[in-house]
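Colleague: I'd like to ask some things about the structure below.
In this note's numbering, the protein residues as written are 1 to 873.
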């Protein structure tokens with residue numbers, strides 16, 4: 001169980017601000033001389049100000065905890081020292097070893113609002129097994145960043161009365177204003193794993209909005225000075241690859257390659273409030289691969305960021321285009337996966353030519369400045385330069401290079417200003433992408449792309465009510481080819497014959513668009529709701545550095561929810577939600593409407609469950625025919641549910657899955673199920689296996705389009721898809737600082753097509769009136785070339801043809817990572833990555849044959865050793 005899930009309700013649910021504020025007074029002494037060992041045997045601890053009287057927060061809010069806790073805080077000129085006594089029966093303490101920031105078992109820690117802005121807090125938490133976890137909470141707990149890894153120290157020990165946690169937090173890791181006496185926000189928390197019980201020193205209620213604003217007060221720290229951090233961490237990487245020899249391919253003929261690289265990371269305190277992170281030639285070879293998938297839609301797949309440089313501090317660099325955490329939550333003006341992406345151009349090769357394609361674009365350097373000033377200004381800036389990437393091409397009489405990605409500069413700037421004790425903030429964001437395009441074949445890319453926005457949030461009535469509003473814009477510039485591609489992309493399709501509210505202009509060299517959002521709601525109390533309105537104009541294009549799969553939409557939505565926080569009947573907690581939405585395009589056409597009811601519950605036996613029912617009305621799609629006329633799609637119903645066992649047990653299990661079916665008979669259906677198994681044979685090892693299987697059918701799956709008699713034939717087919725994957729994860733934690741992690745995933749996806757047809761009337765009311773099936777006399781399959789030939793006049797001369805769309809995709813991805821933090825901030829990584837892949841032009845799914853075929857493939861192995869050494873304080 002990660003700390004994010006342990007304290008989830010603290011961050012995402014609401015609290016009442018009418019609690020009486022408690023005050024703690026820290027103390028100091030000459031020559032503290034404290035050794036961090038989890039044993040409070042120094043005189044300073046015996047004379048410290050110990051505070052107890054913790055109050056239960058979950059599950060029985062306001063009641064005394066099952067076991068009491070006490071703490072004390074000392075300080076000197078350079079450090080903050082924290083001692084926490086967690087009283088308990090030693091035999092009952094849950095001491096689960098895990099990796100940093102993935103703490104499990106019994107926990108204790110503190111949260112410090114050293115800005116005292118009542119919006120930002122720094123968390124330092126340790127498990128009974130001695131595993132540290134840390135995070136930054138912003139926007140009064142609405143956002144959390146557990147990738148923040150400050151340099152601090154913690155040790156734990158078990159005593160006859162329970163367990164102790166002792167910490168030393170260097171002042172270089174905190175941000176505060178110089179003054180005679182510090183006044184900070186403070187709360188100390190304790191989590192008892194076996195009871196799933198959370199208690200805190202400063203009582204808080206779950207019904208009201210806010211987290212950091214509910215802290216108690218820390219006083220007594222006097223005459224300390226802010227200290228800027230300075231850490232420089234050079235690294236070296238040695239890499240070797242082994243793969244199948246391909247004698248005719250000059251890049252694969254040896255079956256091996258070796259390499260060595262070096263770079264540097266740095267963290268520099270520019271001021272007491274602003275920190276600059278710098279990276280030169282970064283290497284992310286230890287980062288886990290993205291899971292496999294086959295995407296047949298027009299929507300770009302969203303992948304979560306995993307690279308440490310871009311994850312840390314990403315909350316302050318975020319500008320969300322929508323409210324909440326649903327399907328629209330990934331839409332953002334900044335999507336860091338654009339930086340260092342896979343090169344966008346694929347070269348055309350002549351016969352017997354081979355190319356050595358780079359897997360990603362090298363990041364030459366990147367700098368990031370984040371922080372918050374004493375006047376309430378939150379600042380985030382990223383400046384990054386990626387290299388011009390060339391592909392090497394060899395063949396008979398050929399030995400050349402061709403550019404596949406131009407030299408590119410990325411800039412992101414974000415500011416926010418707090419007012420009214422953090423109840424109000426005004427913010428702005430600006431991004432810029434500039435490409436140095438020197439090759440004609442790369443003229444299809446934008447030469448420059450700019451986006452910007454202003455947003456405003458105001459909360460009132462003890463933060464129960466809020467309004468969240470913003471407007472943003474985009475402008476892209478480039479060649480006529482580049483802007484024509486933008487106009488005709490699947491997300492806007494200016495070329496549609498029924499798009500009378502936009503104009504396709506092939507001579508344009510720029511395109512601009514706007515968007516906006518407005519949300520009014522109530523998040524305090526048990527009953528919560530929000531009314532939501534947003535728009536994205538047809539010309540909006542943010543995907544050079546942002547992420548949005550769809551534009552040309554006007555959305556109205558309403559959400560309401562009710563929470564039961566205290567145990568009743570068989571429940572420990574319960575939540576129900578209702579959602580409703582409608583979607584229009586800028587021509588005033590209704591694109592779709594629907595609703596959802598969902599609920600989540602925890603039972604008194606610690607099992608968890610969720611369920612969801614969706615109903616969508618008839619929909620209109622502008623992209624289904626990839627630039628053709630709009631197409632009417634059936635409405636649908638869906639049901640999803642999941643049930644998961646008590647996570648405290650050695651053996652855990654659960655399942656989730658659902659069904660989706662269209663209102664029009666046999667138009668569309670989908671069924672999927674995932675089963676999760678977890679086993680902890682010893683406290684230091686966790687094994688998780690999650691097989692997933694899905695079957696879907698679609699009568700109108702787009703295949704291609706062909707010219708015919710001065711018009712277009714939009715060709716579709718009926719598809720039956722089957723997908724199987726299994727995620728296997730094994731974590732072994734030798735010590736809190738030495739971990740071994742394995743992740744592997746076999747993946748099989750097949751698609752079998754039949755009933756080929758072409759669209760005749762895409763807006764017909766009846767499904768069968770929207771298309772015409774090819775007769776047996778009109779379609780002929782050429783098995784030797786895997787091509788379907790179409791002769792609509794039933795003669796021997798084909799009018800057009802298309803490739804067999806059947807597919808059978810098999811992949812195996814795996815990562816084995818040994819991570820040792822041999823001194824704070826200094827790492828050694830040993831990495832073994834393996835992938836296997838196979839593609840066949842057939843749609844048959846046979847699990848045994850597919851698995852055997854997959855593992856008969858020769859693997860591509862990467863072995864990597866990465867060494868870094870932190871210099872600084």
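Note that CB positions come from ideal geometry on N, CA and C, so glycine has one too.
Predicted model, so just to flag it, every value in this text is computed and none were measured.
(1) Candidates 435, 848, 838 and 849: which alpha carbon is nearest residue 859's?
(2) How many Å lie between residue 45 and residue 34 at the Cα?
(3) Checking 7 Å against the spacing of the C-beta atoms, do residue 806 and residue 753 come in under that value?
(4) Would residue 870 be called buried (16 or more neighbouring beta carbons within 10 Å of its own) or exposed?
(5) Would DSSP call residue 43 helix, strand or coil?
(6) Can you tell me whether residue 486 is helix, strand or coil according to DSSP?
(7) Rounded to whole angstroms, what's the CA-CA distance from residue 599 to residue 609? Just pull it up for me.
(8) Taking Cβ to Cβ, would you say residue 696 is nearer than 7 Å to residue 670?
(9) Under the rule that 16 or more other beta-carbon atoms within 10 Å means buried, what is residue 505, buried or exposed?
(10) If I measure Cβ to Cβ from residue 188 and keep anything under 6 Å in the same chain, skipping five residues before and after, which residues do I get?
(11) Thinking just about the alpha-carbon of each residue, which of 586, 413 and 307 is nearest to the one in residue 147?
(12) Relative to the C-alpha of residue 758, which residue among 749, 714, 183 and 330 is closest?
(13) Looking only at its chain, what residues have a beta carbon closer than 6 Å to the beta carbon of residue 687, apart from the 5 residues adjacent to it on each side?
(14) Rounded to whole angstroms, what is the Cα-Cα separation between residue 502 and residue 469?
(15) Within 10 angstroms of the Cβ of residue 380, are there 16 or more other Cβ atoms? Answer buried if so, exposed if not.
(16) Does the distance between the C-beta of residue 851 and the nearest non-hydrogen atom of the ligand NAD fall short of 6 Å?
(17) Taking just the CA atoms, how far does residue 343 sit from residue 371?
(18) Between residue 349 and residue 176, what straight-line distance do the alpha-carbon atoms span, to the nearest angstrom?
(19) Which ranges would you report for the beta strand (DSSP E) in the region 600 to 674 if only whole runs of at least 3 residues count?
(20) Does DSSP classify residue 705 as helix, strand or coil?
(21) Residue ranges of each alpha helix (DSSP H) run of no fewer than 4 residues wholly in the region 444 to 492, ordered along the chain?
(22) Secondary structure at residue 869, three-state DSSP: helix, strand or coil?
(23) Please state the DSSP three-state secondary structure of residue 317.
(24) Note down, in chain order, each residue of its chain lying with its Cβ closer than 7 Å to the Cβ of residue 738, except the 5 sequence neighbours on either side.
(25) Looking at the unbroken beta strand (DSSP E) that takes in residue 779, where does it start and where does it end?
(26) Based on the DSSP output, what are the partners of residue 427 in its beta bridges?
(27) Is residue 528 buried or exposed, if buried means 16 or more other CB atoms sit within 10 Å of its CB?
(28) Would you kindly work out how many angstroms separate the C-alpha atoms of residue 785 and residue 771, rounded to a whole number?
(29) What number of angstroms, rounded off, separates the C-alpha of residue 856 from the C-alpha of residue 640?
(30) Taking the continuous alpha helix (DSSP H) assigned at residue 308, which residues delimit it?
(31) Does the beta-carbon of residue 38 have 16 or more other beta-carbons within 10 angstroms, so that it is buried, or is it exposed?
(32) What whole-angstrom Cβ distance do residue 553 and residue 591 have, given they're in contact under 8 Å?
(33) Compare the beta carbon distance of residue 105 and residue 92 with 7 Å and say whether it is the shorter of the two.
(34) Could you check the C-alpha separation between residue 653 and residue 721 for me, to the nearest Å?
(35) Please work out which residues of its chain come closer than 8 Å, Cβ to Cβ, to residue 788, disregarding the five sequence neighbours upstream and downstream, and give them in chain order.
(36) Residue 143 and residue 314: beta carbons closer than 7 Å?
Modeller: Let's see:
(1) Residue 838 is the option with its Cα nearest to residue 859.
(2) Using only the alpha carbons, I get a separation of about 9 Å.
(3) It is a contact, given that the beta carbons lie within the stated cut-off.
(4) Residue 870 sits buried, since 16 or more C-beta atoms from the chains shown fall within 10 Å of its C-beta.
(5) DSSP places residue 43 in helix when its eight states are reduced to three.
(6) Residue 486: helix per DSSP, three-state reduction.
(7) The straight-line gap from Cα to Cα measures roughly 8 Å.
(8) For the 7 Å CB-CB criterion, residue 696 and residue 670 form a contact.
(9) The residue is exposed, with fewer than 16 neighbouring Cβ atoms inside 10 Å.
(10) Hits under 6 Å: 71, 110 and 201.
(11) The shortest Cα separation from residue 147 among 586, 413 and 307 belongs to 307.
(12) Measuring from the Cα of residue 758, the nearest candidate turns out to be 714.
(13) Correct list, in chain order: 679 and 730.
(14) In a straight line, the C-alpha of residue 502 is about 27 Å away from that of residue 469.
(15) Residue 380 is classed as buried because its beta carbon has at least 16 other beta carbons within 10 Å across all chains shown.
(16) Ligands are entirely absent from the displayed structure, and the ligand NAD is therefore not among its contents.
(17) Residue 343 has its alpha-carbon roughly 32 Å from the corresponding atom of residue 371.
(18) C-alpha separation (whole angstroms): 59 Å.
(19) Annotation note: the region 600 to 674 contains the following uninterrupted beta strand (DSSP E) runs of length 3 or greater, listed N- to C-terminal: 608 to 616, 619 to 621, 631 to 633, 636 to 644 and 651 to 662.
(20) Residue 705 falls in the strand class under three-state DSSP.
(21) 480 to 487, all fully within the region 444 to 492.
(22) In the structure shown, residue 869 adopts coil according to DSSP, grouped into three states.
(23) Here residue 317 sits in coil by DSSP.
(24) For residue 738, same chain residues with a beta-carbon under 7 Å away, outside a window of 5 residues either side, are 820 in chain order.
(25) Unbroken beta strand (DSSP E) run through residue 779: 779 to 782.
(26) DSSP output for residue 427 lists 416 and 455 as bridge partner(s).
(27) Around the beta carbon of residue 528, 16 or more other beta carbons sit within 10 angstroms, so the residue counts as buried.
(28) When rounded, the distance between both Cα atoms is 27 Å.
(29) Each residue's alpha carbon lies about 36 Å from the other.
(30) Annotation for residue 308: the continuous alpha helix (DSSP H) segment containing it runs 308 to 311.
(31) By the 10 Å Cβ count, residue 38 comes out buried.
(32) Confirmed, Cβ separation roughly 7 Å.
(33) Between residue 105 and residue 92, the gap from beta carbon to beta carbon reaches 7 Å or more.
(34) In a straight line, the C-alpha of residue 653 is about 27 Å away from that of residue 721.
(35) Once the five neighbours on either side are set aside, the close Cβ partners of residue 788 are 756, 779, 780, 781, 782, 801, 802, 803 and 804.
(36) The answer is no: Cβ separation not under 7 Å.
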